[in-house]
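Single-structure report; data block below.
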Amino acid sequence: MNSEEEFYDAETGELSSFLFSLFVYRTTLPAPMFSRNNFSVWGFLKKCIGMELSKITMPIVFNEPLSFLQRISEYMEHTYLIHKACTLSDSIERMQFVAAFAVSAVASQWDRTGKPFNPLLGETYELVREDEGFRLISEQVSHHPPISAFYTESLNQDFVFHGSIYPKLKFWGKSVEAEPKGTITLELLKHREAYTWTNPHCCIHNVILGKLWIEQYGTVEIVNHSTGDKCILNFKPCGMFGKELHKVEGHIQDKSKKKRHVIYGKWTECMYAIDPKVYDSSRKAEKKSGSDAKKHKQNENPDIHSMPEVQETVAMIPGSSLLWRIVPRPPHSEQMYNFTSFAMSLNELEPGMETVLAPTDCRHRPDIRAMENGDIDKASIEKERLEEKQRAARRERARDEEDWSNRWFHPGTNPHTGSQDWIYTGGYFDRKFSDCPDIY
1 MNSEEEFYDA
11 ETGELSSFLF
21 SLFVYRTTLP
31 APMFSRNNFS
41 VWGFLKKCIG
51 MELSKITMPI
61 VFNEPLSFLQ
71 RISEYMEHTY
81 LIHKACTLSD
91 SIERMQFVAA
101 FAVSAVASQW
111 DRTGKPFNPL
121 LGETYELVRE
131 DEGFRLISEQ
141 VSHHPPISAF
151 YTESLNQDFV
161 FHGSIYPKLK
171 FWGKSVEAEP
181 KGTITLELLK
191 HREAYTWTNP
201 HCCIHNVILG
211 KLWIEQYGTV
221 EIVNHSTGDK
231 CILNFKPCGM
241 FGKELHKVEG
251 HIQDKSKKKR
261 HVIYGKWTEC
271 MYAIDPKVYD
281 SSRKAEKKSG
291 SDAKKHKQNE
301 NPDIHSMPEV
311 QETVAMIPGS
321 SLLWRIVPRP
331 PHSEQMYNFT
341 SFAMSLNELE
351 PGMETVLAPT
361 DCRHRPDIRA
371 MENGDIDKAS
381 IEKERLEEKQ
391 RAARRERARD
401 EEDWSNRWFH
411 PGTNPHTGSQ
421 DWIYTGGYFD
431 RKFSDCPDIY
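The following block contains the structure:
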């Protein structure tokens with residue numbers, strides 16, 4: 001944080017700080033979600049098999065009342081894990097909590113089958129949480145392909161967390177697959193460390209028939225570019241009988257590739273760390289005792305339209321250390337798009353915030369606001385209006401031979417990976433918004 005962006009600046013930052021710090025964040029939405037029962041999902045999706053869905057205008061019934069920029073901010077729900085990592089003197093121990101944070105960042109996707117709204121080009125979202133010790137700014141920096149850039153900084157200057165996300169969505173007949181593109185970077189400033197990783201793949205099953213369910217799968221490699229330590233996490237695919245559903249297993253190795261800790265758990269529940277030798281012994285005993293049960297299971301015929309039976313809670317192996325446990329969702333979550341308590345607050349717009357937020361902030365989007373309020377017809381009309389306004393602006397720029405200019409991020413090279421990235425330009429929290437585009 002430089003001097004001109006000081007959070008408690010008397011003219012620019014104090015009002016924002018005052019407003020956000022007084023919030024008692026809401027714990028529900030203004031209206032429950034609507035029923036999708038009267039909409040023919042197959043009637044629409046049969047035209048989309050094998051196509052990338054980001055290039056298709058989707059009916060609003062597929063959405064949840066959040067922008068993808070707001071969905072990205074849900075990475076920060078468990079910020080305390082980063083704060084914990086910052087307090088530790090040992091790099092391997094720090095990696096444990098960085099790994100737990102990387103897993104926790106996708107936990108909010110559990111049962112979230114609604115699609116966030118595609119951000120408009122130039123759309124922004126800010127989130128200031130003094131109670132969690134961070135502030136975030138994100139911007140939609142490209143429309144085709146859709147790229148969202150974000151930058152988060154600790155209010156006590158001990159970390160920055162940033163990246164750019166290019167999600168690719170494809171429909172395969174019975175499922176929708178989300179392939180994450182883009183690198184995520186966490187810098188622990190006091191330790192002069194930088195960690196990078198990419199998120200696992202996500203798949204929503206039974207989009208046509210049966211109960212919708214989500215799995216995350218793939219290998220996530222977290223690299224500490226300062227020490228050479230790595231954490232390799234395997235988000236396990238469900239498998240035929242659901243035994244591996246939601247499971248995450250992996251290990252932390254030092255720069256000599258020696259295994260130092262095993263990490264295990266479920267991305268929907270909790271993560272533990274344990275000594276590798278203890279873990280291996282426990283797993284061998286478990287496999288031996290479970291062989292008969294496995295043979296019995298293999299004689300069963302699974303229902304392809306049902307959700308795999310979720311296995312019992314993660315069994316803690318003696319000697320394990322708990323790194324993270326998910327916060328239970330509120331009782332009414334199912335009627336509120338399966339939002340977490342954190343997600344419930346993301347589109348909140350209290351009196352006075354309008355004068356603080358950028359005019360491009362997601363909270364000003366009338367289609368999302370209408371959907372949140374339960375007015376689906378208005379939300380659909382506004383969504384179409386905004387999309388047409390965006391197309392008209394693009395045609396006008398082409399006619400005038402003008403290029404789009406992003407306000408808060410610029411293309412550059414990630415200094416830790418050497419890959420293409422979007423770099424925060426700075427200055428957002430000076431709150432000089434007079435030259436922001438009119439996108440709503």
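Quick note: the sequence shown uses full-length UniProt numbering, first residue 1, plus one each step.
Beta carbons are placed, not taken as given, at the ideal position from N, Cα and C, and that holds for glycine.
Query: So, under 8 angstroms CB-CB, Val314 and Glu269 are touching, yes? Tell me the CB distance rounded to an integer number of Å.; Result: 6 angstroms
Query: What residue range is occupied by the uninterrupted alpha helix (DSSP H) comprising Ala100?; Result: Ser91 to Ser104
Query: Go through its chain and collect everything with a Cβ distance to Cys86's Cβ below 7 angstroms, but skip five positions before and after it.; Result: Asp158, Phe159, Leu188 and Lys190
Query: For Gly265, collect the residues of the same chain with a Cβ closer than 7 angstroms to its Cβ; drop the 5 residues on either side in sequence, then sort them by chain order.; Result: Val248, Met271, Tyr272 and Val314
Query: So, helix, strand or coil for Pro411, using DSSP?; Result: strand
Query: Kindly list the residues whose CB is nearer than 6 angstroms to the CB of Phe62, restricted to its own chain and excluding five residues on each side of it in sequence; keep chain order.; Result: Lys115
Query: Between Val176, Glu387 and His225, which lies nearest to Asp367 when the distance is taken from Cα to Cα?; Result: Glu387
Query: When you compare only the Cα positions, how much space is there between Ala285 and Gly218?; Result: 26 angstroms
Query: Between the alpha carbons of Val356 and Cys203, how many angstroms are there, rounded?; Result: 38 angstroms
Query: Measuring alpha carbon to alpha carbon, tell me which of Ile82, Pro200, Glu354 and Gln253 ends up nearest Tyr125.; Result: Glu354
Query: In three-state terms, what does DSSP make of Arg431?; Result: coil
Query: Between Ile82, Glu123, Ile60 and Phe97, which lies nearest to Gln70 when the distance is taken from Cα to Cα?; Result: Glu123
Query: Measure the C-alpha to C-alpha separation of Gln253 and Ser341 and round it to an integer number of angstroms.; Result: 35 angstroms
Query: In angstroms, rounded to a whole number, what distance separates the CA positions of Ser282 and Pro318?; Result: 9 angstroms
Query: In chain order, which beta strand (DSSP E) runs of at least 3 residues are fully inside the segment 191-263?; Result: 193-197, 201-205, 213-224, 230-235 and 247-253
Query: Suppose the cutoff is 8 angstroms on Cβ atoms and the five residues either side in sequence are ignored; what does the same chain contact list for Gly133 look like?; Result: Thr79, His83, Ser154, Leu155 and Asn156
Query: Tell me where the beta strand (DSSP E) around Asp421 begins and ends.; Result: Gln420 to Tyr424
Query: Is His205 closer than 7 angstroms to Ser175 when the C-beta atoms are compared?; Result: yes
Query: Hey, quick one: how far does the beta strand (DSSP E) through His162 stretch, first residue to last?; Result: Phe159 to Ile165
Query: Could you say which of Arg192, Pro146 and Phe171 lies nearest to Lys181 if we only look at CA atoms?; Result: Pro146
Query: CA-CA distance, Pro415 and Arg394?; Result: 32 angstroms
Query: Under the three-state reduction of DSSP, which class applies to residue 458: helix, strand or coil?; Result: This structure cannot speak to residue 458, because the chain is shown only from 1 to 440.
Query: Residue range of the alpha helix (DSSP H) that Val314 falls in?; Result: First-last for Val314: undefined, no H or E at that position.
Query: State the start and end residues of the unbroken beta strand (DSSP E) segment that holds Ile376.; Result: Here Ile376 belongs to no beta strand (DSSP E); instead the alpha helix (DSSP H) covers Ile376 to Arg399.
Query: Taking 6 angstroms as the limit between beta carbons, can you name the residues of its chain near Ala31, skipping five residues before and five after?; Result: Asn373 and Gly374
Query: Considering just the uninterrupted stretch of the beta strand (DSSP E) at Tyr151, what are its terminal residues?; Result: Ile147 to Ser154
Query: Let me know the secondary structure DSSP gives Ile60 once reduced to three states.; Result: helix
Query: Helix, strand or coil, according to DSSP, for Ser345 in the structure here?; Result: coil
Query: Quick one: any contact between the segment 194-203 and the segment 92-111, if contact means 3 or more CB pairs under 8 angstroms?; Result: yes
Query: Looking only at C-alpha atoms, which of Glu396, Trp422 and Asp111 sits nearest to Trp267?; Result: Asp111
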